[in-house]
Amino acid sequence: MTENGCPRNRPWIRLFAVLLAVSIVIGAAGNSGAETRGYVISLVHTATYSDTDTCPLGGNGGPVEFRTRRLVATGYSETAALEVIATGGFDPQEDQSDPTALFGSSATTEDGQGWNGYPVNPGNLPNLVPDPGIRIAEGRFAHGFNLDGQIDPDDFEDPVSGAQGIDNHMWRVLGCFDVYRIRRPVVPYNESIVWDTALDSMPAWLVSVSGDDLSRDGKVTVTFDRSLNIILRDAYGGVLSGATYVIDPDPRSHSVFAGTIQDRVLTIEPGNFSMQGESQFYAILRFAQTQLRLAMNADGSLHGIIGGYQPWRDYYHFLAIRGENDGQVDLPGVYYGMRRHADGIPDERTGENTAISSAYWLEAVPAFHTTTSGEVVGHPVGSGPRFSGTASPR
Amino acid sequence: MNTHTVSRRTVLRGLLGGTAVAVGLPVLESFLNTNGTAYAATGAPLPPCFGTWFWGLGLTPHQWEPTTTGTGYALPEHIASLRPVKEKINLFSGMQIFLDGKVNQNHYSGAQGQATGAVSRNSSDYTTSLDSIIADQIGTGSRFRSLEATCDGDSRVGWSARGSNGLNPSETSPLGLYTRIFSDGFRDPNAADFTPDPSAMVRHSVLSAVAEQRRDLMNAVSASDRARLDEYFSSVRDLEQKLAFELEPPAPLPSCSAPSLPTDEVGSLVPQVASTHQQFAQLMAHALSCGQTRVFNLALGSAFSRLRTSGEPSGYHALSHEEPVDAKLGYQPKCKWLAEQCMGFFVELVQTLDSIQEGDHTLLDRTVVFAFTDHGEARMHSMKRLPVITAGSGGGRMRTGHHIAAEGDTATRVGFTVQQAFGVASGSWGTESNEVSRPFSDVLA
Amino acid sequence: MASKVSVVLIVTLLFFGVFDSPSQADEISLVRLTPAQHQRAIRDIFGKSIKVDDNLGDIGVREDGLLALGARKLSLSAASLERYEALAQQIAAQVTDATHRRTLIPCRPSDNAPVDRACATRFITRAGRFLFRRPLTSAEANAYSDIADSAAQRLDDFYAGLRAALAGMLVSPEFLFRVEVGEQDSSRPDRIQLDAYSRAARLSYLLWDSTPDAELLSSAQSGLLLTEDGLHRQIERLLGSPRVEDGLRAFFSDLLAFEGFATVSVDPSLYPKFTKNVQDSAREQTLRTLVEHLLTNDGDYRDLFTTRDTFLTPSLAALYGVPLPRAQELGGVVPWVPYRFPDNDPHVGLLTHVSFLSLHSHPGTTSPTLRGKAVRENLLCQRVPPPPGDIDFSLVQDTNDPEFKTVRQRLTRHRTNPTCAACHRLTDPIGLTLEVFDASGVYRTTENGEPIDTSGSLRRQDYTDITELAAILKEDPALTSCLVNRAFSYGTARLPADADWEWLTTTRSAFTDTPVRWRDLMRRIARNPDFYTNIAE
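Residue numbers (the numbering used here), protein chains in the order written: chain A, 1 to 394; chain B, 1001 to 1445; chain C, 2001 to 2537.
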């Protein structure tokens, strides 16, 4: 075990390299099989599972709580701290604002938010401030996958599949902040707003499943792509089923996996996943050792989880861009927490883990896929769910 | 009492959409005589008002007719919502509209009969309606001859017409009606000063010139077109009247105040209709109390009512035919509920009028509202046993609190009674079997 | 100020001692302008940049299957006139504003004085000719010039004077109605021959749904329009213009009762694919299809019921269940993509368009009776009698009864009870075949788990599905005769009479072996001398 409590790195580099090679081979082959069902992804967000035993020592609270702690640590009384927070960083007594303590609403420094006189925001450079020491999530359950193949005492159990040895260190880091102490169908506030807004201007994310007969159990190929088109809404404001999406030929968002359907549940062999987005929160979503577990519903939709080792700086970047007002987490606390609990893909030079085990909730509704020349390569099957997107009740 | 001794600067001016609207504060007693029935300055009585209220698909048969007649009758459970206004309304039962062999135009003939006194073969032969007759009697001094609105978004809904053609279109948007009454050209009756708008004067004189211009056209058109042109020139006269009204300083009306700016959420779902109806009721009440009109026509919606609860596949009209009669209860439960919603809306209108205080009395007291529907039993398209309700006493012209069971009578008898109350000089109303010459004297003062 | 008003009144009245009145021999009839025609007239006379609020609210009344026929029966209620007057003020204000006056007003007031009668009269006569669809009489010109002068004086602004005069013209019955002037035909006392200007208006409204343009007015003025050659030339000119699309759209919107879209009520909570975009696009899809087929491709009207060609938007495509690859549109632009349904696809012809299916449905369920009735009344000109009173509808089965899963089963009574069957056998079979399309137009093969039976018979020919029904319908001669009759009635705004019926019969016989082409039909109607007549009362 390394000092951060995760297994040795070396086997993972090798495994990663092998899997990378394998996925490239499959990727070159593309989709095959007699039937290809097309889907457009209607919802993605961090998979949360808050339970009574998740934060036995109490939670980290929200912006009011951790900002109060921060200001108290710099010498304010609690009442005075609350006053400063209420005015958005302006201290009425001292007649000056202390944005470095509050980190404002975004990571930009246009107002010259200073630190030690320098125009930087510790949200962007969190290692300029000491580790505040956040509480991490514990407990029995968390969504995710067994990525390292081992069942360790601090691993979780997946509440849906019952699988043991679940590695989800991202959940450990985030799970005791108020905004993440929720469960389906609630979506983390920050992610919900960004996803819903991004949908209307972001090229859609697609997934397709192909095989000989997808109504039965068997081997399949699962392919992810980005589209050239933006998603269409239905009359409820959810995602319209049966719409048509042209596949973006750009390989940077193209990921292919060997998969299996068993009892109407879709899983894949581990591989690399990479998807570009156009929104603040999903500028890029990528995993190594990707696994997924999606239910194939009677109405034609998919829902479940996808996860793997995600470069933790990707996720931290998303949070820092949104800032503490919208992200509602203690940015330096999360930074240090992620560094400490990162458990995958060690850096070759420093040996420090660059990736953290994570899991995301994913839903998709039926759609047509076409190539840029108009050839239909994926068909929708099923009329789609009545409620989709952030309103999904699953 | 001298009105000018009271400070009249108590007027709030606000900007609504760029238009200045004055809102008069209630300075009641100093303007009215002691019982609130006349202007102190002139001694002229506050003018009576009239309105119609239409709802589609009637009530649940056998569930609404009280067992006793006269005053002091008990309200059956189905119309229990009328209890708060029972003493100010009259309920009529047992009446029908006669077809005299003509085709029963479903959801039409019954309402046409009650609104115009006649049932026609073609829907294009719709004649002068009851409210038009009364407007001729009492409505010639106000800015708008009458105002029409409907709560279901369809401007073709309505039963008000003048002449041989020209069903008055109905406002569907509360905001639109608000703008029409209280934005352009609204002159606050309680304003401290009044300056006639010169462009309104120009518009008025232009209309007069236009009207005079083609009088000769009348001589040349065919007979049927003459009636239409006459109708057109009547409309021009109404418009002139409206502009002339805006050019004169209005008589003070202390109970006048502009309503709040409405929001539009028009649709056929029950909550949407509720919101729209509430806003229209407010607008009509304020229009009456501010002297902008004396006659209004408010329809809850089309006789083919699309009133619906969200998620329910069928609207009220479809339900009235498709919902089975519950064997134990003896009626259609969903339809009964919807009918009760309609009665709730009627009560809301009545109470809205009743909430505007004018001295010792209320606006409702000097108004008569005539509420009617298309069928006595919607499921069977029956025009027997029609429910008819009047509300208000029209300034003492009608008595209230009665239930009258007029078995077998034509329902036009109620409309005729109302006309008599307003002093319309006519010995009868209606055609063929729907003709009446005897009013309900029990409810006439 | 009351005295000032009356002075104006007296002055204007005095002027009306002498002016041309129509001769007693003239027969005059009025046809009311529709809101769309009103807007288009303003657009064509004053230009597209003049904004006119739409939604005047008074769509009119449908008479014998057409709004156009109702237009000859209607007058203007006070509320409608009030709206038109407000619009008139709006329009006049724009026409005389600083930007537009440079192009729309042909002169400037001299000496910057508020009153310049010569310039006012110039504008009034020019605008009036187009607005009234004929030259103004000298008395009219004087009257309006008087209005302009006195208003300009009162408001101390020349353009305010023009504004008043123009607003007056815009509420005149000569503008708001098409005033059809004619003379009784000496050889046929039941006919009134319309004068040249009235003919120009009738022709222009038939083909372009708008007010006659300068060339048409000139040909009326010179009398050329009264000659066969002159008339034919104008017909060809109008038919050859892209504006003929306006006329086609207006006619079919009336024929297919598209004004119902204002209140179409398919509940989106039950049909999530019926988005607002679909609701707005459904009507346009059908109209585009009609334009493409009848104008661009000069196709046969009957083929519209079997054609698989149409135009779709991405949302419509999702509702129809077909793929529609698209370049990504930006800025809220709705892209229209030509699309052909595959051969085995059930979407065949106009009856399978979302516009038709959703217009004749209930909010949450289909209505075979309404759909069948629409086919009979709107497309075949066959009248379906209204139901008798005092019918006990509990005979129509409970919608929750597990015995009767499909609408066909529930409507059994319509077919078995002789009182019901007399009328319902006209409507239900067609509608029941269309049951494969739900209230929002989405295709389905089962209802409550039970397969939908699409068989039926029309004109004693049996069919198994919508494709076969469409093929039978296409061959029905009533389809053609209904179109011809309705087009004639639409253009004349009256029902055919006597000699007209003979002409209509001849015309539709001519189409038995000839494709029913739109321009051909319009040409035949417009060349028929009786098209320019009214019936004496």
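Every residue, glycine too, gets a C-beta built ideally from N, C-alpha and C.
Apart from the five residues on each side of it in sequence, which residues of its chain come closer than 7 Å, Cβ to Cβ, to residue i?
{"i": "C/Arg2163", "result": "Ala2092, Ala2093, Thr2096"}
{"i": "B/Ser1275", "result": "Glu1265"}
{"i": "B/Val1436", "result": "Thr1410, Thr1412, Arg1413, Phe1416, Ser1428, Trp1429, Gly1430"}
{"i": "C/Val2384", "result": "Lys2373, Arg2376, Glu2377, Cys2423, Leu2426, Thr2427"}
{"i": "C/Asp2195", "result": "Val2181, Gly2182"}
{"i": "B/Glu1310", "result": "The question names Glu, but residue 1310 of chain B is Ser in the sequence shown. Correct list, in chain order: Leu1269."}
For residue i, which residues in the same chain have their Cβ closer than 6 Å to its Cβ, ignoring the five residues on either side in sequence?
{"i": "A/Ala34", "result": "Asp212"}
{"i": "A/Glu110", "result": "Unreliable placement is indicated for A/Glu110, whose pLDDT of 44 sits below 50; the coordinate value is still reported in the next sentence. Counting only Cβ-Cβ distances below 6 Å, and skipping sequence neighbours, we find nothing."}
{"i": "C/Thr2275", "result": "Ser2315"}
{"i": "B/Lys1336", "result": "Thr1060"}
{"i": "A/Val22", "result": "At A/Val22, the pLDDT of 46 sits below 50, so the modelled position is not reliable and the matter cannot be decided from this model."}
Interface residues of chain B around residue i at Cβ under 7 Å?
{"i": "C/Asp2530", "result": "Ordered by position in chain B, no residue passes the 7 Å Cβ test against C/Asp2530, which lies about 19 Å from the chain."}
Cβ closer than 7 Å: which chain A residues qualify as neighbours of residue i?
{"i": "C/Gly2321", "result": "Gly242"}
Can you tell which of the options has its C-alpha closest to the C-alpha of residue i?
{"i": "A/Asp155", "options": "A/Asp148, A/Gly165, A/Ser161", "result": "A/Gly165"}
{"i": "C/Pro2342", "options": "C/Leu2359, C/Leu2357, C/Leu2324, C/Gln2328", "result": "C/Leu2324"}
{"i": "A/Tyr49", "options": "A/Glu352, A/Asp347, A/Leu82, A/Tyr360", "result": "A/Tyr360"}
{"i": "B/Tyr1331", "options": "B/Glu1312, B/Glu1377, B/Leu1364", "result": "B/Glu1377"}
{"i": "B/Val1295", "options": "B/Gln1351, B/Phe1422, B/Thr1400", "result": "B/Phe1422"}
{"i": "C/Thr2125", "options": "C/Asp2116, C/Tyr2144, C/Ala2113", "result": "C/Tyr2144"}
{"i": "C/Asn2344", "options": "C/Thr2227, C/His2360, C/Thr2306", "result": "C/Thr2306"}
{"i": "C/Lys2474", "options": "C/Leu2350, C/Pro2429, C/Glu2447, C/Pro2451", "result": "C/Leu2350"}
Strictly below 9 Å CB to CB, what residues from chain C border residue i?
{"i": "B/Ala1318", "result": "His2362, Pro2363, Gly2364, Thr2365, Ser2367"}
In chain C, which residues lie less than 7 Å from residue i when you measure between Cβ atoms?
{"i": "B/Asp1456", "result": "With chain B covering only 1001 through 1445, there is no way to say anything about residue 1456 of chain B."}
{"i": "A/Phe368", "result": "Pro2323"}
Taking buried to mean at least 16 other C-beta atoms within 10 Å of its own C-beta, is residue i buried or exposed?
{"i": "B/Arg1051", "result": "According to the sequence shown, residue 1051 of chain B is Gly rather than Arg. Its Cβ being crowded by 16 or more others within 10 Å, B/Gly1051 is buried."}
{"i": "C/Leu2248", "result": "buried"}
{"i": "B/Asp1188", "result": "buried"}
{"i": "B/Phe1144", "result": "buried"}
{"i": "C/Ala2282", "result": "buried"}
{"i": "B/Leu1025", "result": "At B/Leu1025 the pLDDT is 26, less than 50, meaning the model places this residue with poor confidence and gives no usable figure here."}
Please check the pair residue i and residue j, which I expect to be a contact at CB under 8 Å, by giving their CB distance rounded to whole angstroms.
{"i": "C/Ala2439", "j": "A/Gly242", "result": "In fact, because the Cβ distance is near 17 Å, the residues do not count as touching under 8 Å."}
{"i": "C/Arg2243", "j": "C/Trp2208", "result": "5 Å"}
{"i": "B/Met1398", "j": "B/Ala1445", "result": "6 Å"}
{"i": "B/Leu1217", "j": "C/Pro2189", "result": "About 23 Å separates the two Cβ atoms, so there is no contact after all."}
{"i": "B/Ser1081", "j": "B/Val1347", "result": "5 Å"}
{"i": "A/His45", "j": "A/Ile305", "result": "Contact flag wrong, Cβ pair sits at about 11 Å."}
What residues from chain B crowd round residue i, counting only those whose CB sits closer than 8 Å?
{"i": "C/Arg2154", "result": "Pro1198, Met1201, Val1202"}
{"i": "C/Leu2270", "result": "Gly1311, Pro1313"}
Anything in chain B within Cβ reach of residue i, meaning under 9 Å, just list it in chain order.
{"i": "C/Val1998", "result": "Since the first residue shown for chain C is 2001 and the last is 2537, residue 1998 of chain C is missing from the structure and cannot be characterised."}
{"i": "C/Thr2419", "result": "By Cβ distance, chain B contributes nothing, its closest Cβ being about 13 Å from C/Thr2419, past 9 Å."}
Name, please, each residue of chain C whose Cβ falls closer than 8 Å to the Cβ of residue i.
{"i": "B/Ala1421", "result": "Ordered by position in chain C, no residue passes the 8 Å Cβ test against B/Ala1421, which lies about 24 Å from the chain."}
{"i": "B/Glu1231", "result": "Ser2075, Leu2076, Ser2077"}
{"i": "A/Ile230", "result": "Gln2328"}
Cβ closer than 9 Å: which chain A residues qualify as neighbours of residue i?
{"i": "C/Lys2273", "result": "Asp234, Ala235, Leu240, Ser241, Gly242, Ser383, Gly384"}
Please go through the same chain and pick out, in chain order, the residues whose beta-carbon is closer than 8 Å to the beta-carbon of residue i, but skip the five residues on each side of it.
{"i": "C/Gln2090", "result": "Lys2051, Val2052, Asp2053"}
{"i": "C/Ser2021", "result": "Residue placement at C/Ser2021 cannot be trusted, given a pLDDT of 43 that sits under 50; the coordinates are not used to answer."}
{"i": "C/Arg2129", "result": "Pro2135, Leu2136, Leu2217"}
{"i": "B/Val1368", "result": "Pro1048, Cys1049, Phe1050, Gly1051, Thr1390, Ala1391, Gly1392, Ser1393, Gly1394, Arg1397, Met1398, Val1418, Ala1421, Phe1422"}
{"i": "B/Ala1118", "result": "Gln1112, Thr1127, Gly1430, Thr1431, Glu1432, Asn1434"}
State yes or no: is the C-beta of residue i nearer than 8 Å to some heavy atom of the ligand MN?
{"i": "C/Phe2132", "result": "The ligand MN is absent from the structure shown, which contains no ligands of any kind."}
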